[in-house]
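Undergrad: The structure that follows is given in the form of structure tokens.
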Amino acid sequence: MFFCYPTKSQPSSQPPPSQLPNPAQPKSTTQSTASSATPTTPAPYRTDYELSGSYVSLECPSPPGPPACGPDGRRGDPQARLANYLRTLYTELALKEPVLPSWVHPVAPGVLCPARLEPELRLHIHSHGLNEAIGVDQILTPVQTKDGPFLEAPRRVLIECPPWVTRGALALRILHGWSREPPWPPRGQPVALALFLPLAELRGTIANYIGKELLPRGPPNPFASGFGGFSAAWNSLEALKGKLLIVLDGYDVQCKTRKSKTMPRDVIDLLEGRLFPEARVILISVTASCTELLPLMQRHITFEGLVWGRSVSLLGGGQWGAPTRLIDTVQSCRQLRNIARTTLGCLAIAAMYESSGGELPTDELDVIASVFNCVAANSSHTQVTELGRLALFCLKTKRSTVTAAELKMYCSAPETNIAGCLDRAQLFGRTAKRKSDHYYTIICPGLAEFLAANYIVSLANRPGLLAAEIAGLAVGDEVEPEILKVLNFSMALLGARAHLLLSKLTPLWLSPQTIFSLALAGGETEANLTALCEMLGISKSPPVPPLEAKPIWVSIKSTLSELQGWGLAFKSPTCTLKNLELVYQMEKNLLLESRNVMDIFLDALSKNESVTTLRITSLIENEVRDSDINYLASCISKALLKPRLESFELILTLLEEDPPILKLQSVVTALCRTIPRQPKLSNLSLDLGLCTSQLVQICATLEKCPHVTRLSLPHLRCERGAVGALAALLTVRPLSYLGLPSSWGARDDPPSSSGVSMGSGSGSSSGNSGLIKQSSLTGAPSPRSYPAGIFSSLPRGVLSSTANMGRSATLPRQPMEGPPDKRSTDSVISRTWYPTPACDGGPHNSGTLHELLLAARDTYSRLHGLDLSKAQLSLEDSMCLGETVRVSTTLHSIKLEGASRLSEILPTVLGASESPCLQMMSLGSPRIALEDAAVGMSARALGSCITLRLLSLDGWSFRIENVGTLASVRGFLSLTSVRELGLNNCRLNMSMFKSDVPVQSGAYECRSVVNLKLAGAQIIFADHLSMKGPHMLPYLVGFVNLRELDLSAPSRTGFGSTSSTPLILSDKDIVAFFNTLNNHFSHLNTLKMCNWIIHLDEAVRTLKSVSKLLKSSPLSHIKLDGVVVMDRPKKQRIEPQFLHAFLANLPLLRWLGTTLHGLSEEQITTLGNYCGDMRGMEIDVRLSDSTIENARLMTSSLGMDGKFDIRVSTFGTTNSILIHIEKTSTKSLSRK
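Just so we're aligned: 359 in UniProt numbering is position 359 of the sequence shown, and the numbers increase by one with no gaps anywhere.
Below is the structure:
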């Protein structure tokens, strides 16, 4: 008798193989077999998920086998027996209810079993571009999303779970779907057999675990008797191909019983497709393991907990009977909603609701604490800290589960009520059940962080252990969000003692925003606020060395976190911040919460006594509402009333091209109402695009404010009415300073002409007979030769066409090159004498500043400073200004930066020769070019000003071809009283000398200049060779009393960078530079050498020579931003070694400024090690354009050493960091 076993299943349109004759085998003569082959019903769908295995093949006929025995086919196909048993097993496990803890109130039967789990599954937004919800039955099926994309059926699926999820329940829910009612999944290719592999229990191979661990012993084993064992079933699984499903869980768990710390080889082969390559795999893992798994997966799903409907059911004890008030409270509170994402979390909320009489907390920490008190009632402090230590360890190592052995190792009494915080996962293997190798997860989100925070709090009175624990939290480049939540909870639990923790957070290198959030959690006690200011670097005034010309500013954006955090810092009595900028971000949909936080910030600022300078800036978009501008005006009023406010700047920029004139009238009204009420205010700067009527209103207010002595009005439209109001203000209420930078004339006023030369009109050197009138200048074009609206500096709101312009209005009149017989020999500046600038004495035809300047030079004027940088000045205005400088007895400083032609500034230079009080003159401009006559005239005029102390001629170009001109320059240097001379980016063209001519030792001598700025400057000789940077040092030996020298090269990146060929310095250049410093500049203590490019052929030898020279150097302050040092033969950057020469050899080094941009992590760490070799006792290292991570790397080695005390100040930013390193008396054991 022969028996036929079924062949592989065919498509559903055909009858099952058991109903078709097999031509490859002889026809059976048994009547029972023939009768069984006759179908009585159509072919069912079951043919699509029929089993096929080792006895089934498409290529060869089935071999003979034992006869079927019994209706269940137990003696039939081994695959069928394995599948039938697994269906029964999965159903039994999925319907098994967990053991409920004692705090759980009675629930309906069966509601907590995994089969009733309703997970919220969503496609991962980053992997698929959408976050659409899917069901359990759609995990393996094609998905048509709502937004249109069609996702094909995957073979590899990754389900990403949060660490507080019991992943075994999700696996059983998937397997129960397969075992409950075939076919599964309902769409697509069904699964014929599903295997479950809990990798945490896996000790050997997959086949060994299923055959010896998952399948029972004895009669229940489907292969206990009969033909064909488990091996036959296992060998047949390959033929199932896509009908085989394997569900894996516990990829992140490292089983301690395995000898290898990696996954078994066959698990890796399964994931990478070498084992069962066509089988479908569902891998359930936590977020920490997803990065390495994603390349192997085709679908990425996130498990976000229970669906809301299931949570509602569990809140009512498993039935739809929960109180409406409870449901509404949980749904409206985000913290409670997060707790309700787990089964035990829902039951805990229900128990809390019942025990508290219907009241639930809403604050995050209160919610977590209430859950803890519910699930672990009456737990001792020791038990909480022990479990918290284990929780912190798991958070640092990104583990989601703990073993029973670890629980016993960390906790002295793990079987007490403290175990209510943990959910015990179900075991599946025989060995695991026998040994009780249970795995535990936290029952709800946030509880692990709460327990870890309690452990941190327990160390508050043990500063050594606390510091070590905090240092251990920075295990990676960034602090994880879970660790930040632990710190946040710790600060809240510490309360008034939070400063003990806040002062230990420096090793974590937290951003200012993170520090603010922690400080807010700790509370507003005086000690906490003091610690906050120390973290921000504003508790002590940081030293400002000579290299830092600008004061330290802190810029605050009007975001919630920054406003709240800085509001706390300003409440501290130890806050020493002086300069504050508030960037007010005007939003069209400004929320009430944002306005409330802004009000709180302004209230805190009003109580602060350290901030004396306040700047408010805002960019106002189009179509802004009047209510928003009115609120801005009220904020400005509050800020202005701050006590001890001495300087106030307001910069409001409208983006509209032609805004209404009175758009900001409410702001002007608020200013006029508030300024008289601020008695300490002395400096006022308003950049609002004021119209004439608004300026008149402000001037009328300032007439009643004697305390306001400094006024700046940038971008002011200088109509005659506006200038008249300012002149009246100067007369009635004398100001000490007036700034009109980038001011411009009225639209109907003729603009200043470009390229006006000082004509050959007659005149004398003194008195009104020397008056130079515009009509007498032979080279002056008509004031109206250029169209109205074209200005040297583009004012706000003016967009004029340049199509009708002649030559460029920015080019200098005097040519840089030309035949010697075509120089301006007929001009005034070619004479050995020069006229005295004077005003006509009446209103100007081409300017509007006469009334203002007339009031400035009045006998009763108290004007000490005047700023007209980038302002539109006609020739008449320039001559009037020159007379003001010449005759004023109070004008101490004048700024005319950004001039576009010589005629704008030359009258001021000439007037300075007779000024009795001028001390500071800043005339920097890249558009000014002077030849011999102008150089000689300017040198004689500036040399005659015996009161001048600071002179800035940045960007000027000098062309000298006459020996007499050099005599004038030499006379200026020998006679001047200037202490600080700025010649940055200047060009000196010496066409009568060649570069190989040596400099004579007594060529010139200048004893007054102590601060010389030559950044980007160069000397060009007749052979077209230029001297830059260190090559200029031999020409500077005449400055015998220099204290500060700037020889920086132009920046190669960023704003203001240059595209010219950079200067590359060699070994010889560097050694010669420092040798010259030692020989001729014995008083120099400050050196600035930024952006140098140094290529060394013999790096070791050169650095050794430099180190030897530096040992006797008096330098104490060095700035080396942007320096690039290259070892040319090795083609390696060696900036750390170059900086080490300064750190280890300068005996007086106190301050070092550098930037770490472009250096590798190893180089930054090496530089930090070199800081430990400093010869002095302390040093301040300023990092420019560097990240907080670079600063952390730099100080990592020093922080572990007991020799140094390190303080880091970020000043509220992360791109300007000050690191203070100071030696301590403690001897180091780790450094040799």
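All C-beta atoms, glycine included, are put in the ideal place defined by N, C-alpha and C. Given the structure is predicted, the values throughout are model-derived calculations rather than measurements.
Hey, would you say SER907 sits closer than 9 Å to THR889, going by beta carbons?
TA: The sequence as given places Pro at residue 907; Ser does not occur at that position. No, they are not a contact pair.
Undergrad: So which of GLY689, ILE636, ALA633 and ARG673 has the shortest CA-CA distance to ASP658?
TA: ASP658 has its Cα closest to that of GLY689, out of GLY689, ILE636, ALA633 and ARG673.
Undergrad: Using a Cβ-Cβ cut-off of 8 Å (strictly less than) and excluding sequence neighbours within five positions of ALA460, which residues of its own chain qualify?
TA: Taken in chain order, the residues that qualify are LEU466, LEU494, ARG497, LEU500 and LEU501.
Undergrad: Is the stretch 921-935 touching the stretch 957-972, taking contact as three or more C-beta pairs under 8 Å?
TA: The stretch 921-935 is in contact with the stretch 957-972.
Undergrad: Considering only C-alpha positions, which residue in the set GLU961, THR574 and LEU1148 is nearest to THR525?
TA: The shortest C-alpha separation from THR525 is found at THR574.
Undergrad: For ILE620, which beta-bridge partners are listed by DSSP?
TA: According to DSSP, which records beta bridges pairwise, ILE620 is partnered with LEU654.
Undergrad: Please classify TYR860 as buried or exposed, where buried requires at least 16 neighbouring CB atoms within 10 angstroms.
TA: TYR860 is exposed by the Cβ-count criterion.
Undergrad: Using a threshold of 9 Å, state whether the C-beta atoms of LEU918 and VAL885 are closer than that.
TA: Yes.
Undergrad: Rounding to the nearest angstrom, what Cα-Cα distance links LEU686 and GLU649 in this structure?
TA: Rounded to whole angstroms, LEU686 to GLU649 spans 6 Å at the Cα level.
Undergrad: Mind pulling the alpha helix (DSSP H) runs of 4 or more residues that sit fully within the stretch 372-449?
TA: Listed in chain order, they are 381-396, 404-410 and 430-435.
Undergrad: Rounded to the nearest angstrom, what separates ALA1191 and THR397 at their Cα positions?
TA: Taking the straight line joining both Cα atoms gives about 25 Å.
Undergrad: What first and last residue would you give for the beta strand (DSSP E) that runs through ALA722?
TA: ALA722 -> not in any beta strand (DSSP E); alpha helix (DSSP H) instead, spanning 720-732.
Undergrad: By the three-class DSSP mapping on this structure, what secondary structure does SER765 have?
TA: Here the model assigns SER765 a pLDDT of 32, short of 50, so the residue's position is not dependable, and the following value carries that caveat. Residue state, collapsed to three classes: coil.
Undergrad: Which of the three DSSP states, helix, strand or coil, is assigned to GLU904?
TA: The answer is helix: DSSP assigns GLU904 an H, G or I state.
Undergrad: What span of residues does the beta strand (DSSP E) with GLU581 cover, start to end?
TA: Segment 579-584, the beta strand (DSSP E) holding GLU581.
Undergrad: Assess contact between the stretch 319-337 and the stretch 283-301, defined as three or more Cβ pairs (one per stretch) separated by less than 8 Å. Is contact present?
TA: Counting Cβ pairs under 8 Å, fewer than three are found: no touch.
Undergrad: Are at least three pairs of beta-carbons, each pair with one atom in the stretch 391-406 and one in the stretch 440-459, less than 8 Å apart?
TA: Enough Cβ pairs lie closer than 8 Å, so yes.
Undergrad: With a cut-off of 8 Å, do at least 3 Cβ pairs link the stretch 1078-1096 to the stretch 1115-1133?
TA: Yes, the stretch 1078-1096 touches the stretch 1115-1133.
Undergrad: Mind checking which residues open and close the alpha helix (DSSP H) that includes residue 1288?
TA: Nothing can be reported for residue 1288, as the shown portion of the chain is limited to 1 through 1232.
Undergrad: Mark PRO219 as exposed unless 16 or more other C-beta atoms lie within 10 angstroms of its C-beta, in which case mark it buried.
TA: With fewer than 16 other Cβ atoms within 10 Å, it is exposed.
Undergrad: Please report how far the alpha carbon of ARG399 lies from the alpha carbon of ALA448, in whole angstroms.
TA: Distance between the alpha carbons of ARG399 and ALA448: 11 Å.
Undergrad: Taking the alpha carbon of LYS1013 as the reference point, which residue from ILE339, SER974 and LEU1047 has its own alpha carbon closest?
TA: Answer by Cα proximity: LEU1047.
Undergrad: If we call anything under 9 Å between Cβ atoms a contact, is VAL375 one with TRP103?
TA: Against a cut-off of 9 Å, the Cβ pair of TRP103 and VAL375 comes out as a contact.
Undergrad: For the candidate residues VAL1010, ASN1011, LEU973 and LEU1036, whose alpha-carbon lies nearest to that of GLN1000?
TA: With distances taken between Cα atoms, GLN1000 lies closest to LEU1036.
Undergrad: Give the secondary structure of ILE1217 by DSSP, where H, G and I count as helix, E and B as strand, and everything else as coil.
TA: If DSSP states are grouped into helix, strand and coil, ILE1217 belongs with the strands.
Undergrad: By Cβ distance below 6 Å, which residues in the same chain neighbour ALA133 in space, the five residues on each side in sequence not counted?
TA: Excluding sequence neighbours, ALA133 sits near ARG122.
Undergrad: To which residues does DSSP link GLY739 through a beta bridge?
TA: According to DSSP, which records beta bridges pairwise, GLY739 is partnered with SER712 and ASP867.
Undergrad: Could you give the DSSP three-state label for TRP308: helix, strand or coil?
TA: Three-state result, TRP308: helix.
Undergrad: Comparing alpha-carbon positions, which option in ARG156, THR302, GLY129 and CYS161 lies nearest LYS146?
TA: Per the Cα distances, GLY129.
Undergrad: Going by beta-carbon coordinates alone, are LEU641 and GLN678 separated by less than 9 Å?
TA: Yes. Within cutoff.
Undergrad: For VAL286, which residues in the same chain have their Cβ closer than 6 Å to its Cβ, ignoring the five residues on either side in sequence?
TA: Answer for VAL286: CYS161, PRO163, ASP252 and SER400, listed in chain order.
Undergrad: My output table needs one value for GLY65: the three-state DSSP class, helix, strand or coil.
TA: Unreliable placement is indicated for GLY65, whose pLDDT of 39 sits below 50; no coordinate value is reported for it.
Undergrad: Can you tell which of THR362, LEU306, PRO295 and ALA351 has its C-alpha closest to the C-alpha of GLY317?
TA: Cα-wise, what sits closest to GLY317 is ALA351.
Undergrad: If the criterion is Cβ atoms closer than 9 Å, does the pair residue 1248 and VAL978 meet it?
TA: The question about residue 1248 has no answer, for the chain in this structure spans 1 to 1232.
Undergrad: With 16 other CB atoms within 10 Å as the buried threshold, where does PRO64 fall?
TA: With a pLDDT of 41 at PRO64, under the threshold of 50, the modelled position of that residue is not reliable, and the figure given next carries that caveat. Exposed, because fewer than 16 other Cβ atoms sit within 10 Å of the Cβ of PRO64.
Undergrad: Going by other Cβ atoms of all chains shown within 10 Å of its Cβ, with 16 needed for buried, is GLU883 buried or exposed?
TA: Buried: at least 16 other Cβ atoms inside 10 Å.
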